[in-house]
Amino acid sequence: MRNSTRESCRAQPLRDDSPQARATDDDGRDPTARLHDLIMQLVRATGMLQPEHTAEGRPISLSEVFALHELDGPETLSQQSLADRLHLEKSTVSRLVAGMVEKELVARERDPGNRRHYQLRLTEHGRRAHVEVAAAFHEHHEKLLHGLSDEERDGLTVGLLGLIRTLGGAPHP
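Going by my numbering, the first residue of the sequence shown is number 998, and it counts up by one from there.
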């Protein structure tokens, strides 16, 4: 079993001698390696690797949770639009949607304006699953934030917005 507090990753590339490569944080550590370690710890600590469960006890993957969130709106989406929003390949979303149709979370219907395309919408079961999972996430996030000071919450928000910006994704409203 790997040590969850491990301070470096064996898979890290060798560093070069550029000024950015020589930079260290206040602890004398490489900030890129530190960020890598922190993100890995965050994913493990939040349980994001485990499937969520709906009230019916059926497992739902994190990809399905994100798809439910994107599809729970007033307009229908095409598979391509969903792929764009999730930053996934069209073939990956096609498989994701097929599984969600099988679980009766999503309905896939021909686009009346272009019969070659499908429009996606949540089923009633999909909407209930989204509400249940979103409520569980919200409760979990409230517990996480409760342990932080106002200053830490503000810093976390600023840092996450900056990280999303540098990754090239604009935060969704």
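The beta carbon of each residue, even a glycine, is placed where N, CA and C say it ideally should be.
Under three-state DSSP, which class holds residue i?
i            : result
residue 1105 : strand
residue 1019 : Only weak support is given to the placement of residue 1019: the predicted model assigns it a pLDDT of 47, under 50, and the question is left unresolved by the model.
Per DSSP, what are the beta-bridge partners of residue i in this structure?
i            : result
residue 1116 : 1075 and 1106
Would you tell me roughly how many angstroms separate the C-alpha atoms of residue i and residue j, rounded to the nearest one?
i            : j            : result
residue 1157 : residue 1113 : 39 Å
residue 1030 : residue 1038 : 12 Å
residue 1086 : residue 1060 : 13 Å
residue 1154 : residue 1144 : 15 Å
residue 1115 : residue 1095 : 12 Å
residue 1045 : residue 1091 : 22 Å
residue 1040 : residue 1034 : 10 Å
residue 1124 : residue 1134 : 15 Å
residue 1107 : residue 1068 : 16 Å
residue 1141 : residue 1159 : 20 Å
residue 1098 : residue 1118 : 10 Å
residue 1093 : residue 1071 : 21 Å
residue 1150 : residue 1109 : 46 Å
residue 1018 : residue 1032 : For residue 1018, the predicted model reports a pLDDT of 47, less than 50, meaning its position is unreliable; a value from the coordinates is still stated below. Looking at the two C-alpha atoms, the distance is approximately 14 Å.
residue 1082 : residue 1161 : 14 Å
residue 1129 : residue 1122 : 11 Å
residue 1047 : residue 1148 : 30 Å
residue 1102 : residue 1027 : 44 Å
residue 1164 : residue 1146 : 27 Å
residue 1036 : residue 1152 : 16 Å
In terms of alpha-carbon separation, which member of the options lies closest to residue i?
i            : options                   : result
residue 1111 : 1089, 1075 and 1094       : 1075
residue 1131 : 1046, 1057 and 1027       : 1057
residue 1064 : 1055, 1164 and 1079       : 1079
residue 1066 : 1027, 1141 and 1120       : 1120
residue 1055 : 1100, 1105, 1089 and 1073 : 1100
residue 1126 : 1062, 1152 and 1043       : 1062
residue 1137 : 1164, 1043 and 1032       : 1043
residue 1077 : 1162, 1088 and 1152       : 1088
residue 1105 : 1162, 1151, 1073 and 1082 : 1073
Taking only heavy atoms of the ligand ADP into account, decide whether any of them is closer than 7 Å to the Cβ of residue i.
i            : result
residue 1108 : No copy of the ligand ADP appears in this structure; indeed no ligand is present at all.
Every unbroken alpha helix (DSSP H) within the region 1118-1154, with a cutoff of 4 residues, ordered by chain: Listed in chain order, they are 1121-1143.
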